[in-house]
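Participant:
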Amino acid sequence: MPVYNVYGGYSVNEFIIRWKHWQMDLCSNLETNYFVIDSNLEMLMKLIAGDESILWEHSMYTEACVAERWQANRHLDRVILALIENDLYQVIKEIQYMSDNGWFAAHLMDLLYKCGKLNILSKEKTNVTAQLHESLILEYGTTLMSHHSLWQCGASYLIHCPKQGLGRLEILLQSLPTGTEARINKIIDVARDNNMPHVVASICKIQGMKSIRQGRLGNALMLALKAHDGNFTTYIADQFLKHYAEHGELECRDLLENLGSCMLASDRLTFLGKYCEFHHMYGMGEFREAASLLVSLLVSNLTPKYFWSILLTDAIPLLEAEDVIFSSNDCYELLRCAEAHGDDPKFQDKISIFRIGVARNLARSLSLEGCQAEH
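The working numbering numbers the first residue of the sequence shown as 1 and each following residue consecutively.
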């Protein structure tokens with residue numbers, strides 16, 4: 001079979017003559033069944049010779065112009081179709097299926113809602129645009145609340161849902177894992193800022209009891225004060241006093257000495273704060289002021305039953321001081337308290353010393369007061 005080549009050495013006309021001559025020889029060989037010994041070779045020669053019967057048979061096959069069907073039913077395609085049809089509700093609906101966390105759908109809905117471009121009607125022909133808007137924001141905020149570090153951001157979304165947001169936030173705040181004290185304080189601050197006192201009280205009480213079990217009474221007291229829970233504050237103040245009764249040591253004195261008006265949260269805390277103040281005065285050598293405060297505590301009716309013996313014992317060193325510290329009226333109050341509450345077994349070995357001290361101090365104070373009256 002001749003093959004044309006520009007550099008073959010012969011012209012186009014000469015090539016055509018050679019080609020036709022070859023074609024005639026090929027057709028002659030086909031007619032004489034020269035290629036019958038190999039059917040595939042014979043079919044190939046017929047194709048080269050241009051046999052129409054063979055050409056028609058092979059022209060029935062063609063290469064597919066589209067190898068794989070076009071996937072035109074994806075969410076993105078449906079979003080584009082809804083946009084073309086100006087169906088914003090369908091756009092948002094399809095975007096919800098596309099997005100993993102709901103960010104796109106929630107913010108697009110919020111933008112369209114704020115612009116007043118949405119008017120979504122239910123089957124009953126009522127406008128549900130506001131409900132749908134809140135639903136998407138609520139769902140996205142709830143998703144963020146489940147994230148360890150983004151829960152505060154989620155809370156800000158829920159706060160802006162007027163109907164269900166605060167209720168959802170209230171439930172989720174109580175279910176958040178607490179972790180560090182800084183995280184606990186952040187949770188409490190969010191609850192307090194959104195007027196959820198019972199959530200604050202619940203979290204503070206749980207964490208306060210945990211602190212008590214760990215022996216961290218100061219931290220527990222701070223949590224109780226944050227919760228404004230009088231009963232819990234009383235319970236913790238009792239733990240301070242019982243610890244002192246057993247070990248003779250006041251814990252967290254820096255905290256107790258700087259309670260300020262917070263000590264008014266409960267009567268027991270008031271007593272604890274004043275008793276700590278008594279120790280501070282005594283340590284500073286302000287014995288007269290310390291004695292006056294001690295008598296005030298005795299007559300205040302704030303003293304726990306288990307603490308009477310400790311207060312009466314604290315009076316003994318002041319009764320035996322060189323200077324007259326207690327007045328005669330103070331001595332009478334001390335005797336009255338000893339008669340009413342001196343039956344504590346822990347005080348029995350000190351009762352005689354106490355009575356002698358009161359008697360001696362009473363005699364000295366009456367003598368001193370008599371001299372002062374004469375002058």
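Idealized CB from N, CA, C, for every residue including glycine.
What whole-angstrom Cβ distance do residue 328 and residue 362 have, given they're in contact under 8 Å?
Facilitator: Sure, about 6 Å apart at Cβ, within 8 Å.
Participant: To the nearest angstrom, how far is the alpha carbon of residue 345 from that of residue 245?
Facilitator: 13 Å
Participant: Return the chain-ordered list of same chain residues with a C-beta closer than 8 Å to the C-beta of residue 272, the five sequence neighbours on each side being excluded.
Facilitator: 237, 240, 241, 256 and 263
Participant: As a quick exercise: from 325, 42 and 181, pick the residue whose alpha carbon is nearest that of residue 376.
Facilitator: Since the first and last residues shown for the chain are 1 and 375, residue 376 lies out of range.
Participant: Going by the beta-carbon positions, is the gap between residue 212 and residue 224 smaller than 8 Å?
Facilitator: no
Participant: Is DSSP giving residue 214 helix, strand or coil here?
Facilitator: coil
Participant: Return the CA-CA distance between residue 134 and residue 199, expressed in angstroms with no decimal places.
Facilitator: 24 Å
Participant: Among residues of its own chain, excluding the 5 on either side of residue 194, which ones have a beta-carbon nearer than 7 Å to its beta-carbon?
Facilitator: 159, 166 and 169
Participant: With the cut-off set at 8 Å, would you say residue 318 and residue 276 are in Cβ contact?
Facilitator: The Cβ atoms of residue 318 and residue 276 lie no closer than 8 Å to each other.
Participant: Report yes if the C-beta distance between residue 214 and residue 184 is below 8 Å; otherwise report no.
Facilitator: no
Participant: Keeping to the same chain, check which residues put their C-beta closer than 7 Å to that of residue 366; ignore five residues upstream and five downstream.
Facilitator: 328
Participant: Might you give, ordered along the chain, the residues of its own chain that have their beta carbon closer than 6 Å to the beta carbon of residue 233, omitting 5 neighbours on each side?
Facilitator: 224, 265, 266 and 269
Participant: Between the Cα of residue 40 and those of 22, 31 and 54, spot the shortest distance and give me the residue it belongs to.
Facilitator: 54
Participant: If contacts are defined as beta-carbon pairs under 8 Å, then residue 49 and residue 26 qualify, I think. What distance do you get, rounded to the angstrom?
Facilitator: 5 Å
Participant: Have a look at residue 142 and residue 98 and give me their C-alpha separation to the nearest angstrom.
Facilitator: 19 Å
Participant: Leaving out five residues before and five after residue 22 in sequence, what residues of the same chain have Cβ atoms less than 8 Å from its Cβ?
Facilitator: 1 and 2
Participant: Alpha carbon to alpha carbon, how far is residue 228 from residue 129? Give it in angstroms, no decimals.
Facilitator: 41 Å
Participant: When the distance is taken between beta carbons, is residue 281 closer than 8 Å to residue 297?
Facilitator: no
Participant: Could you pull out every unbroken alpha helix (DSSP H) segment of at least 4 residues lying fully inside the segment 122 to 204, listed in chain order?
Facilitator: 129 to 145, 151 to 159, 165 to 175 and 181 to 193
Participant: Here's the rule I'm using: 16 or more other beta-carbon atoms within 10 Å means buried, otherwise exposed. How should residue 171 be labelled?
Facilitator: exposed
Participant: Who are the near neighbours of residue 164 in its chain, counting only those whose CB is closer than 8 Å to its CB and skipping five residues on each side?
Facilitator: 134 and 138
Participant: From residue 42 to residue 19, what does the alpha carbon distance come to, in whole angstroms?
Facilitator: 19 Å
Participant: For residue 102 and residue 86, I'd like the C-alpha separation in whole angstroms.
Facilitator: 22 Å
Participant: Under the three-state reduction of DSSP, which class applies to residue 228: helix, strand or coil?
Facilitator: Of the three classes helix, strand and coil, the one that applies to residue 228 here is coil, per DSSP.
Participant: Could you check which residue in 331, 178 and 155 has the C-alpha nearest to that of residue 190?
Facilitator: 155
Participant: Using the Cα positions of residue 371 and residue 323, report the straight-line distance between them to the nearest angstrom.
Facilitator: 15 Å
Participant: Taking the C-alpha atoms as reference points, what is the distance between residue 152 and residue 176?
Facilitator: 11 Å
Participant: With 16 other CB atoms within 10 Å as the buried threshold, where does residue 284 fall?
Facilitator: exposed
Participant: Taking DSSP as the reference, what is the three-state secondary structure of residue 15?
Facilitator: helix
Participant: With a cut-off of 8 Å on the beta carbons, I'd call residue 331 and residue 358 a contact; round off their distance for me.
Facilitator: 5 Å
Participant: Suppose you measure from the CA of residue 341 to the CA of residue 260; what does that come to, to the nearest Å?
Facilitator: 30 Å
Participant: When you compare each of 258, 148 and 202 to residue 179 by their alpha carbons, which one comes out closest?
Facilitator: If you compare the alpha carbons of 258, 148 and 202 with that of residue 179, the shortest gap goes to 148.
Participant: Tell me the rounded alpha-carbon separation between residue 302 and residue 354.
Facilitator: 22 Å
Participant: If you follow the alpha helix (DSSP H) that residue 96 is in, where does it begin and where does it stop?
Facilitator: 88 to 98
Participant: Kindly indicate which three-state DSSP category residue 106 falls into: helix, strand or coil?
Facilitator: helix
Participant: Comparing C-alpha positions only, which one of 173, 333 and 51 sits nearest to residue 295?
Facilitator: 333
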